[in-house]
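Chemist: Position 46, counted from 1, in the sequence shown is what UniProt numbering calls 46; the numbers after and before it change by one each time, with no gaps. The structure that follows is given in the form of structure tokens.
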Amino acid sequence: MEELHKVARAYYENGSPEVRSLTQKFFESMDTNRDGTINRQEFMAFLNREGCTDARMNHYLFAEMDRDNNGIIDFNEFLTLYYIIKTKNGYCCQCWRCLKGLYFTCATCFDCPTARTFDLCTDCYMTHRGAQHPHANFVDSALLLRARRNVSSFHYPVQSTYAVQHLMQPTSSHAIHPQYQPGSKWDYIKMTALDTAIAVGVSNFCSIM
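This is the structure we're talking about:
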């Protein structure tokens, strides 16, 4: 959460006067008793008005925003909430905590325009806590982003599964690292082994579709 807070603060500090004014007004709209802070009741009331009625998720979100654990959210803490709302930052669908960095998402749900994304934090994915989900083709958010960007020049819709496969096609070690010159046969073996491991992983990823 500290990283998200720094990003949110940086956007605010470098924002235009209009953006900063709108942010302040947003804060004031949540602070209904005008005491300069947002208490738990005001926070929950706002989320309920916005259609976020999952009490468990709302509880975790308030706890994440309240960085000093004093039971209220000041303007500095609010900036993180504002950033999360504006960027539609997600939550782990298993433990309901805010996704603060890399996470895993279901590629099938991601590609379905009528479905909500199903995202898991790395801890929940590692412990298979999302095993009850009907799909098994998960991919980490960084790889998915790079895969989608890699095929953005295609002139037809591309499914995320294919995009990942296209990005991770096995290549020679020189193609992966144009400036890399192997110092020994062991360097070459290590690079080839890594490329093979990636290829096997992608093959397993696609075979479950």
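Where a beta carbon is used, it is the ideal one built from N, C-alpha and C, also for glycine.
Confirm, please, whether the CB-CB distance from residue 15 to residue 74 is below 9 Å.
Modeler: Walking along the sequence shown from the start, residue 74 turns up at place 74. Walking along the sequence shown from the start, residue 15 turns up at place 15. Going by C-beta atoms, residue 74 is not nearer than 9 Å to residue 15.
Chemist: Between which two residues does the alpha helix (DSSP H) holding residue 111 run?
Modeler: Along the sequence shown, one-based indexing puts residue 111 at 111. Element bounds for residue 111: 107-111.
Chemist: Can you name the residues that DSSP bridges to residue 104?
Modeler: Position 104 of the sequence shown, counted from the start, is the residue given in the question as residue 104. Answer is 120 and 140.
Chemist: DSSP state of residue 76, grouped into three classes?
Modeler: Here residue 76 refers to the residue found at position 76 when the sequence shown is read from its first residue. Residue 76: helix per DSSP, three-state reduction.
Chemist: Please list, in chain order, all residues of the same chain as residue 72 whose beta carbon is under 6 Å from its beta carbon, the five residues on each side excluded.
Modeler: As a position in the sequence shown, residue 72 is number 72, starting the count at 1. Closer than 6 Å at the Cβ level, and outside the excluded window around residue 72, lie 37 and 39.
Chemist: Between the Cα of residue 26 and the Cα atoms of 1, 82 and 34, which residue gives the shortest distance?
Modeler: One-based indexing of the sequence shown puts residue 26 at position 26. Per the Cα distances, 82.
Chemist: Between which two residues does the alpha helix (DSSP H) containing residue 57 stretch?
Modeler: Counted from its first residue, the sequence shown places residue 57 at position 57. Looking at the DSSP string, the run of the alpha helix (DSSP H) that includes residue 57 is 55-65.
Chemist: In whole angstroms, what is the alpha-carbon distance linking residue 18 and residue 24?
Modeler: Within the sequence shown, the letter at position 18 stands for residue 18. Within the sequence shown, the letter at position 24 stands for residue 24. For residue 18 and residue 24, the distance between alpha carbons rounds to 10 Å.
Chemist: Assuming residue 278 and residue 99 form a contact by the criterion Cβ under 8 Å, report the distance between their Cβ atoms to the nearest whole angstrom.
Modeler: Only positions 1 to 209 of the chain appear in this structure, which leaves residue 278 out of reach.
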